[in-house]
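Q: Submitted below is the structure of interest, expressed as structure tokens.
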Ligand SMILES: Nc1ncnc2c1ncn2[C@@H]1O[C@H](COP(=O)(O)OP(=O)(O)OP(=O)(O)O)[C@@H](O)[C@H]1O
Ligand SMILES: [Mg+2]
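Residue numbers (our numbering): 342 to 820.
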């Protein structure tokens with residue numbers, strides 16, 4: 342130890358104590374030398390020969406506890422510049438300054454290991470919560486981000502660098518989470534990229550030419566949710582879910598190959614719908630994810646990128662491309678490796694290597710038709726909007742499944758709205774006039790099957806349950 346710092350006894354015994362003491366000595370001496378060389382020590386510190394800092398040995402790091410009175414300018418020691426110099430003279434060891442209850446520098450005993458961004462296979466068991474999607478391996482380990490925090494996303498990058506593969510990872514993670522509804526459009530004939538997900542619960546694969554149909558469905562959900570939230574007196578999706586026993590599911594709309602939209606006859610209308618979902622969807626739990634090679638292409642220019650909160654770039658040729666995708670330079674410096682990406686997160690540019698992802702088996706399925714229609718014209722169970730499910734669940738639990746005007750008004754609907762809603766539900770086949778409940782409008786068996794029956798089937802509603810035919814729904818007869 343030099344005479345300018347003191348090393349109190351280690352707080353706790355640990356393995357390799359001698360080695361750590363040696364490293365503590367090395368770190369302390371180098372730090373003191375840099376402090377002296379950079380003129381950071383106040384005169385009296387040298388004159389009175391007092392310790393400038395104490396070196397406190399912790400398990401994985403050394404904490405230098407400074408006497409601020411002996412520093413000429415404590416701020417200088419805490420600055421990024423001093424930290425950088427110190428890290429350099431300490432052979433790349435991590436240095437973390439803190440200034441909460443005193444001036445501290447924390448220094449790792451060992452230099453940070455070299456960054457290993459080798460691609461690793463996606464492991465869905467690492468998903469931190471059902472709404473997180475995998476970004477990849479970063480210098481600090483695996484990075485997963487919540488779709489709620491990312492809000493709306495733009496993924497850009499040169500041809501064949503791994504944009505769609507990244508999206509596959511996200512789709513698989515959200516599907517694994519099981520609590521998110523997904524709408525997928527890949528812009529390829531016969532849905533070449535995403536058709537392997539067709540038929541999976543909560544996933545709608547939108548046909549190449551049916552993007553507007555799919556967007557209309559999502560926009561209708563947004564409208565229905567707006568109404569539901571207004572009735573519940575809450576401002577957004579999260580407040581609704583915090584208050585309501587029946588939760589709404591987030592909806593993620595994945596649009597790959599955005600530039601291909603311009604080839605569609607209804608491109609203008611589609612771009613307007615996407616723009617609307619980007620700007621208003623977040624409040625209603627709807628999160629658009631757009632991917633494209635060229636964000637400068639005409640179609641993408643039609644969408645105001647300013648509302649896309651999260652930006653991810655795979656390697657691009659020039660800083661102009663990086664600027665367009667990330668609104669900052671950096672992506673042009675990425676190694677031209679498939680799956681290498683840069684994401685702007687918490688105002689920092691983070692580099693990552695996306696996980697490798699297996700593709701789902703894609704059996705040949707004809708998807709060039711609207712995916713939401715059955716041949717018999719009935720809505721598929723999976724396409725019943727969440728808010729309809731939520732209201733039907735409530736109706737089942739609170740009113741024995743009777744979707745009456747009286748009940749709707751009792752829970753806060755206006756009479757006119759209640760009548761309109763009843764008409765809409767009847768048109769959709771979600772309710773039928775039950776002869777055994779005095780022809781009252783009741784939740785149809787097909788809608789009830791889409792609800793969470795585990796909890797609902799225990800609900801007492803014997804008259805209705807006895808009436809349910811096992812076969813096809815009883816068609817609603819108009820009164
Ligand atoms: N994370 C990754 N790790 C290793 N290889 C990858 C990764 N991502 C993609 N690849 C490889 O790169 C190829 C192209 O990936 P992908 O189709 O996702 O690129 P893209 O950017 O969507 O291309 P395009 O611009 O043509 O749509 C894949 O077939 C795969 O072999
Ligand atoms: Mg692609």
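Where a beta carbon is used, it is the ideal one built from N, C-alpha and C, also for glycine.
Starting from residue 462, follow its DSSP beta bridges and name the residues at the other end.
A: 697
Q: State yes or no: is the C-beta of residue 679 nearer than 7 Å to some heavy atom of ligand 1?
A: yes
Q: Output yes or no for whether 8 Å exceeds the beta carbon distance between residue 627 and residue 725.
A: Between residue 627 and residue 725, the C-beta spacing is not below 8 Å.
Q: Nearest-angstrom Cα distance between residue 360 and residue 369?
A: 14 Å
Q: Could you tell me the distance, in whole angstroms, from the CA atom of residue 435 to the CA atom of residue 668?
A: Answer to the nearest angstrom: the Cα atoms are 29 Å apart.
Q: Quick check on residue 791: does DSSP put it in helix, strand or coil?
A: helix
Q: Please report how far the alpha carbon of residue 691 lies from the alpha carbon of residue 538, in whole angstroms.
A: 30 Å
Q: Kindly give me the distance between the Cβ atoms of residue 411 and residue 382, rounded to whole angstroms, as I take these residues to be in contact under 8 Å.
A: 6 Å
Q: Starting from the C-beta of residue 598, find all residues in its chain whose C-beta is less than 6 Å away, skip the five residues before and the five after it, and write them out in chain order.
A: 528
Q: Which of the three DSSP states, helix, strand or coil, is assigned to residue 737?
A: Correct three-state label for residue 737: helix.
Q: Taking the continuous beta strand (DSSP E) assigned at residue 827, which residues delimit it?
A: Residue numbering for the chain in the displayed model covers 342 to 820; residue 827 lies beyond these limits and cannot be assessed.
Q: Please work out which residues of its chain come closer than 7 Å, Cβ to Cβ, to residue 584, disregarding the five sequence neighbours upstream and downstream, and give them in chain order.
A: 573, 575
Q: With hydrogens ignored, establish whether the beta-carbon of residue 505 is closer than 7 Å to any heavy atom of ligand 2.
A: yes
Q: With a threshold of 6 Å on Cβ separation, who are the neighbours of residue 631 within its own chain once the five nearest residues in sequence on each side are excluded?
A: 495, 596, 599
Q: Bridge partners for residue 483 per DSSP, in chain order?
A: 478
Q: Excluding five sequence neighbours on each side, which residues of the same chain lie with their C-beta closer than 7 Å to the C-beta of residue 404?
A: 397, 445, 447
Q: Would you list the residues sitting across from residue 743 in a DSSP beta bridge?
A: 783
Q: For the putative contact between residue 895 and residue 652, defined by C-beta atoms under 8 Å, what is the C-beta separation to the nearest angstrom?
A: Residue numbering for the chain in the displayed model covers 342 to 820; residue 895 lies beyond these limits and cannot be assessed.
Q: Does any heavy atom of ligand 2 sit closer than 7 Å to the C-beta of residue 492?
A: no
Q: Could you tell me the alpha carbon to alpha carbon distance between residue 587 and residue 732, rounded to whole angstroms?
A: 8 Å
Q: Tell me residue 654's beta-bridge partners as DSSP assigns them.
A: 497, 683
Q: By alpha-carbon positions, which one of 654, 536, 791, 727 ends up nearest to residue 521?
A: 727
Q: Can you have a look at residue 384 and say buried or exposed, based on whether 16 or more other CB atoms are within 10 angstroms of its CB?
A: exposed
Q: Quick one, which of 530, 756, 618, 524 has its alpha-carbon nearest residue 546's?
A: Out of 530, 756, 618, 524, 524 has the C-alpha closest to the C-alpha of residue 546.
Q: Is residue 405 helix, strand or coil by DSSP?
A: strand
Q: Which class does residue 541 belong to by DSSP, given the choice of helix, strand or coil?
A: coil
Q: Just list the residues that DSSP pairs residue 473 with in beta bridges.
A: 487
Q: Could you check whether the region 491-510 touches the region 652-664, counting it as contact only if at least three pairs of C-beta atoms, one from each stretch, sit closer than 8 Å?
A: yes
Q: Apart from the five residues just before and just after residue 565, which ones in its own chain have a Cβ nearer than 6 Å to its Cβ?
A: 726, 728.
Q: Given 7 Å as the limit, tell me if residue 565 has its C-beta closer than that to any heavy atom belonging to ligand 2.
A: no
Q: Just how far apart, CA to CA, sit residue 561 and residue 440?
A: 52 Å
Q: Which whole-angstrom value describes the C-beta separation of residue 771 and residue 749, a residue pair presumed to lie in contact below a C-beta threshold of 8 Å?
A: Residue 771 to residue 749, Cβ: 13 Å. No contact.
Q: In whole angstroms, what separates the C-alpha of residue 736 from that of residue 500?
A: 50 Å
Q: Please identify the residue among 392, 394, 393, 399 whose C-alpha is closest to the C-alpha of residue 362.
A: Checked all of 392, 394, 393, 399; the closest Cα to residue 362 is 399.
Q: Looking at the unbroken beta strand (DSSP E) that takes in residue 775, where does it start and where does it end?
A: 772-775
Q: Classify residue 691 as helix, strand or coil using the three-state DSSP reduction.
A: strand
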